[in-house]
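S.K.: Here the sequence shown stands for residues -26 to -1, 1 to 265, where the numbers follow mature numbering (1 follows the signal peptide of the UniProt record, and there is no 0).
Heads up, the beta-carbon is just placed ideally off N, CA and C, and yes, glycines get one too.
Bear in mind the structure is a predicted one, so any value in this text is a computation, not a measurement.
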Amino acid sequence: MYALFPNMLNIHIFFACCCLIVGSRPDFVCHKGQFVYFHYFGPPVCLECEPDTYMSEDNHTNINCSPCSWVNVHAFETLLKDCTATSDTVIGCIPGYYKTMDGAHGHVDLDCQRCKQCEGANSTVVRNCTETSDTVCCRRPGMFLEGDTHCSDNGEYVCQRGQFLDLSAPTGPKCLDCPPGTYSYKDNHRDTNCAPCTRPNAIEHEKVEFNCTSFSDSVIGCAEGFFRVVRHSLSYQDVDCLRCSHCEERQMYTARPCGETFDAVCCQRPGAMIQEIGEEGRGICLDEHTN
């Protein structure tokens, strides 16, 4: 077969060599926003993802970046956040539609569905339609939810995420939506207040990555020129923003640019291999720290 198709032999030899090169370099990895590129001659290198592609994995040997997801306006989708070199597009639904949250993995992956309209026998809205849940309708005012969608009037009021229990109404307790600037992530609760949304501290170089919703807190990141370090805490908000290193100011080469969660790595020469150290996104140049 190779006698008839000599180019196929060359291709097979080339990729076999590539696998041997990577296998013999267990320390060689690429980072978020990069992919492994093989030369016909010479060692592999890390290149930046092409436009409209991304790589969210860190410390990997993938030879391709993933294509960015596209908004399908015919499926009632809308853009929430643009695709970047390190993260895929964030897609939501237009007003009046919702996507179901995948509870097992914590992400939204289903088609946009039209929000239910409360009419006829079930004409009372007990939970409004949100980005990830449908409207819930009950027979009459004063009823509440048991579980996610079951209406009940047995006298013990519980509220769902995005709501709080109002005890001041003359008709009796009822669940109301969280006011703007507050949220509640709990289901089947009797909290009488929603929690205030976390706000970024500009003095600490913080910024909002994802806005607060009625059922989830803000996600805080770092301003341009800084990277995030998450401390040992149950809260994702417990972060420090540290200033990125500028290799050119130290007359050194940038072996890895500063990213969202790691610092730049500066080396004495171009093409140096690096190794992660510590818990603050730091790295060292291997060839400059070997005996």
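Do C168 and E180 have their beta-carbon atoms positioned less than 8 Å apart in this structure?
M.R.: As a position in the sequence shown, residue 180 is number 206, starting the count at 1. As a position in the sequence shown, residue 168 is number 194, starting the count at 1. Going by C-beta atoms, E180 is not nearer than 8 Å to C168.
S.K.: State buried or exposed for Y28, treating a residue as buried only when at least 16 other CB atoms are found within 10 Å of its CB.
M.R.: What you label residue 28 is simply residue 54 of the sequence shown in a count that begins at 1. Looking at its Cβ environment, which holds 16 or more other Cβ atoms inside 10 Å, Y28 is buried.
S.K.: Please specify which runs of the alpha helix (DSSP H), each continuous and at least 4 residues long, are wholly inside the stretch 160 to 201, giving them in chain order.
M.R.: none
S.K.: Check whether the Cβ atoms of R230 and C215 lie closer than 8 Å to each other.
M.R.: Here residue 230 corresponds to residue number 256 of the sequence shown, with the count starting at 1. Here residue 215 corresponds to residue number 241 of the sequence shown, with the count starting at 1. Cβ atoms of R230 and C215: not closer than 8 Å.
S.K.: Once DSSP output is grouped into helix, strand and coil, what is the label at E222?
M.R.: By one-based count along the sequence shown, residue 222 stands at place 248. Three-state result, E222: helix.
S.K.: Among residues of its own chain, excluding the 5 on either side of G257, which ones have a beta-carbon nearer than 8 Å to its beta-carbon?
M.R.: Position 283 of the sequence shown, counting from 1, holds the residue named residue 257. So the qualifying residues of the chain are A229, R230, F236, D237, V239, I248, Q249, E250, I251.
S.K.: Do you know whose CA, among T74, T106, D56, T52, lies nearest I68's CA?
M.R.: Taking the first residue of the sequence shown as position 1, residue 68 is located at position 94. When only C-alpha atoms are compared, the closest one is T52.
S.K.: Which value, in whole angstroms, describes the spacing of the CA atoms of H5 and Q137?
M.R.: As a working note, residue 5 is residue 31 in the sequence shown. As a working note, residue 137 is residue 163 in the sequence shown. When the Cα atoms are used, H5 and Q137 turn out to be separated by approximately 41 Å.
S.K.: Using the C-alpha atoms, what's the distance from E24 back to R113?
M.R.: Locating residue 113 in the sequence shown gives position 139, counting from the first residue. Locating residue 24 in the sequence shown gives position 50, counting from the first residue. Approximately 54 Å, taken between the alpha carbons.
S.K.: Got a sec? Which residues, its chain only, sit under 6 Å from K55 by beta carbon, not counting five neighbours each side?
M.R.: Working through the sequence shown from its first residue, we reach residue 55 at position 81. Answer for K55: V64, listed in chain order.
S.K.: By Cβ distance below 6 Å, which residues in the same chain neighbour A59 in space, the five residues on each side in sequence not counted?
M.R.: Locating residue 59 in the sequence shown gives position 85, where the first residue counts as 1. Answer for A59: G7, C23, Y28, listed in chain order.
S.K.: Mind checking whether D32 and Y72 have CB atoms under 8 Å apart?
M.R.: Translated into positions along the sequence shown, residue 32 becomes position 58. Translated into positions along the sequence shown, residue 72 becomes position 98. In this structure, Y72 does not lie closer than 8 Å to D32 by Cβ.
S.K.: Could you give the C-beta distance for F200 and R217, rounded to a whole number, given that I count them as a contact under 8 Å?
M.R.: Stepping through the sequence shown from its first residue, residue 200 is reached at position 226. Stepping through the sequence shown from its first residue, residue 217 is reached at position 243. Correct: roughly 6 Å between the Cβ atoms.
S.K.: So, with DSSP's three-state summary, where would you put L260?
M.R.: Within the sequence shown, numbered from 1, the residue matching residue 260 stands at position 286. Correct three-state label for L260: helix.
S.K.: Should C133 and T156 be called a contact, given that it needs their Cβ atoms to be closer than 8 Å?
M.R.: As a first step, residue 133 must be located in the sequence shown, where it is residue number 159. As a first step, residue 156 must be located in the sequence shown, where it is residue number 182. Cβ distance not < 8 Å, so C133 and T156 don't count as in contact.
S.K.: With a CB to CB cut of under 7 Å and the five nearest residues on each side skipped, what residues in its chain are close to N185?
M.R.: Position 211 of the sequence shown, counted from the start, is the residue given in the question as residue 185. So the list reads S192, once near-sequence residues are dropped.
S.K.: Contact defined as beta carbons within less than 8 Å: I believe D151 pairs with N102. What is the distance between those atoms, to the nearest angstrom?
M.R.: As a first step, residue 151 is located in the sequence shown; it is residue number 177 there, counting from the start. As a first step, residue 102 is located in the sequence shown; it is residue number 128 there, counting from the start. In this structure D151 touches N102 by the C-beta definition: roughly 6 Å separates them, less than 8 Å.
S.K.: Quick check on the DSSP output: the beta strand (DSSP E) that includes residue 266 runs from which residue to which?
M.R.: Any property of residue 266 remains undetermined from this structure, which presents the chain solely from -26 to 265.
S.K.: Under the rule that 16 or more other beta-carbon atoms within 10 Å means buried, what is Y131, buried or exposed?
M.R.: Position 157 of the sequence shown, counting from 1, holds the residue named residue 131. Y131 should be labelled buried.
S.K.: Does the distance from the C-beta atom of C57 to that of D26 stay below 8 Å?
M.R.: In the sequence shown, the residue the question calls residue 57 occupies position 83. In the sequence shown, the residue the question calls residue 26 occupies position 52. Yes; because the gap between Cβ atoms is below 8 Å, this pair is in contact.
S.K.: Please classify R88: is it buried, with 16 or more other beta-carbons within 10 angstroms of its beta-carbon, or exposed?
M.R.: Counting from one through the sequence shown, the residue named residue 88 turns up at place 114. Exposed, since its Cβ has fewer than 16 Cβ neighbours within 10 Å.
S.K.: Can you say whether F15 is buried or exposed, counting buried as having 16 or more other CB atoms within 10 angstroms of its CB?
M.R.: Stepping through the sequence shown from its first residue, residue 15 is reached at position 41. Flag for F15 reads exposed.
S.K.: CB-CB under 8 Å to R224, same chain, minus the five flanking residues each way: which ones, in chain order?
M.R.: Numbered from 1 along the sequence shown, position 250 holds the residue referred to as residue 224. C240.
S.K.: Report, in whole angstroms, the separation of the C-beta atoms of T74 and T104, which I expect to be a contact under 8 Å.
M.R.: For this step, residue 74 is matched to residue 100 along the sequence shown. For this step, residue 104 is matched to residue 130 along the sequence shown. Beta-carbon to beta-carbon, T74 and T104 are separated by about 11 Å, too far to satisfy the 8 Å threshold.
S.K.: Can you tell me which of the three DSSP states H5 falls into?
M.R.: On the sequence shown, position 31 is the one that residue 5 refers to. If DSSP states are grouped into helix, strand and coil, H5 belongs with coil.
S.K.: Determine the extent of the beta strand (DSSP E) in which L126 is found, giving its start and end residues.
M.R.: Walking along the sequence shown from the start, residue 126 turns up at place 152. Just to set this straight, residue 126 is Ser in the shown sequence, not Leu. Looking at the DSSP string, the run of the beta strand (DSSP E) that includes S126 is 124 to 126.
S.K.: Kindly indicate which residue of A49, S30, H34 has the alpha-carbon position closest to the one of D62.
M.R.: Translated into positions along the sequence shown, residue 62 becomes position 88. Closest by alpha carbon: S30.
S.K.: Just verifying my parser: in three-state terms, what is the DSSP assignment at H48?
M.R.: Here residue 48 corresponds to residue number 74 of the sequence shown, with the count starting at 1. Per DSSP, reduced to three states, the secondary structure at H48 is helical.
S.K.: Among the candidates H48, L21, M226, F50, whose CA atom is the shortest distance from the CA of C39?
M.R.: The residue given as residue 39 occupies position 65 in the sequence shown. Looking at the Cα atoms, L21 is the closest of the given residues.
S.K.: Would you mind working out which of N36, H34, G66, C42 sits nearest H48, comparing C-alpha positions?
M.R.: Locating residue 48 in the sequence shown gives position 74, counting from the first residue. Measuring from the Cα of H48, the nearest candidate turns out to be G66.
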